[in-house]
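One structure below.
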Amino acid sequence: MENSKIKQKRIAIYIDGSNFYYKLRDLEVPNTTYFNYSGLSRWLARDRVIISKRYYIGVVRAKENDEKGQKLRKNQQRLFNHLCSPLQGFIVKQGYLMKNDGVYHEKGVDVKMAVDLLVGAYEDLYDTAILLSSDTDLIPAIQKIKHLGKEVEYIGFSHKPSLGLQKYASLTRLMIKEEIEKFVSKEIYKKQ
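Positions 9 to 200 (this note's numbering) are the ones given, in order, by the sequence shown.
The structure is reproduced here in structure tokens:
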């Protein structure tokens, strides 16, 4: 009789930080700097093995005399420290922010995410990519990943799902506020 092992599915988690932040803000979720991203990852993974967790974001750069920019930069640095802590265990992939007519736009973030998704698929690093982003620029990467025999699980929010990503992903899960709230930090952190 052959002894067969059931192979656990491997997943890689990719979070579009800016997109995720604005979706949480829409839901009035507080304290996103110390959100339990690792807990959310485990919940999304269910019984699958998490092989990597990546968080993508444009970096705030502020001039010395820009008080608001300096505050944003410090808060973002706290977020990076939190994400990279042993408890959270994320790799932070940084793009940059470009100011145009007084409005900041992220640059390079979706490209880094698409490249990492594709490299992971080509190098057989995962069976399923869990994607927390609503950026339809990722659709060509999703199509190629599926062509390579991998799955892409789109995680969206019920109040603002991406119909494009729902159409192309292998599986869609739409979260509601009540599911997210259990990952909000209950601790009050001192301002430093």
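Note that CB positions come from ideal geometry on N, CA and C, so glycine has one too.
Helix, strand or coil at residue i [DSSP, three-state]
{"i": "residue 196", "result": "The pLDDT assigned to residue 196 is 38, lower than 50, so where the model puts this residue is not dependable; a value taken from the coordinates is nonetheless given after this. If DSSP states are grouped into helix, strand and coil, residue 196 belongs with coil."}
{"i": "residue 176", "result": "helix"}
{"i": "residue 113", "result": "strand"}
{"i": "residue 64", "result": "strand"}
{"i": "residue 16", "result": "coil"}
{"i": "residue 190", "result": "coil"}
{"i": "residue 27", "result": "helix"}
Integer-rounded CB distance, given that residue j should sit under 8 Å from residue i
{"i": "residue 7", "j": "residue 113", "result": "Because residue 7 is not part of the residues shown, which for the chain are 9 to 200, the question remains open."}
{"i": "residue 120", "j": "residue 162", "result": "The pair is not a contact, with the Cβ atoms about 18 Å apart (cut-off 8 Å)."}
{"i": "residue 58", "j": "residue 49", "result": "6 Å"}
{"i": "residue 153", "j": "residue 129", "result": "4 Å"}
{"i": "residue 126", "j": "residue 149", "result": "6 Å"}
Check whether residue i and residue j have beta carbons under 9 Å apart
{"i": "residue 143", "j": "residue 158", "result": "no"}
{"i": "residue 67", "j": "residue 30", "result": "no"}
{"i": "residue 151", "j": "residue 164", "result": "no"}
{"i": "residue 88", "j": "residue 62", "result": "no"}
{"i": "residue 190", "j": "residue 34", "result": "no"}
{"i": "residue 23", "j": "residue 141", "result": "yes"}
{"i": "residue 81", "j": "residue 69", "result": "yes"}
Which listed residue (the options) has its alpha carbon closest to that of residue i
{"i": "residue 56", "options": "14, 97, 73 and 127", "result": "14"}
{"i": "residue 193", "options": "59, 45 and 127", "result": "45"}
{"i": "residue 183", "options": "139, 151, 149 and 152", "result": "139"}
{"i": "residue 111", "options": "77, 154 and 117", "result": "77"}
{"i": "residue 266", "options": "167, 190, 155 and 117", "result": "As displayed, the chain neither begins before 9 nor continues past 200, which places residue 266 out of reach and without an answer."}
{"i": "residue 188", "options": "19, 28, 84 and 131", "result": "28"}
{"i": "residue 39", "options": "84, 72 and 137", "result": "84"}
{"i": "residue 107", "options": "95, 71 and 137", "result": "71"}
{"i": "residue 166", "options": "181, 52 and 124", "result": "181"}
{"i": "residue 101", "options": "74, 118 and 172", "result": "118"}
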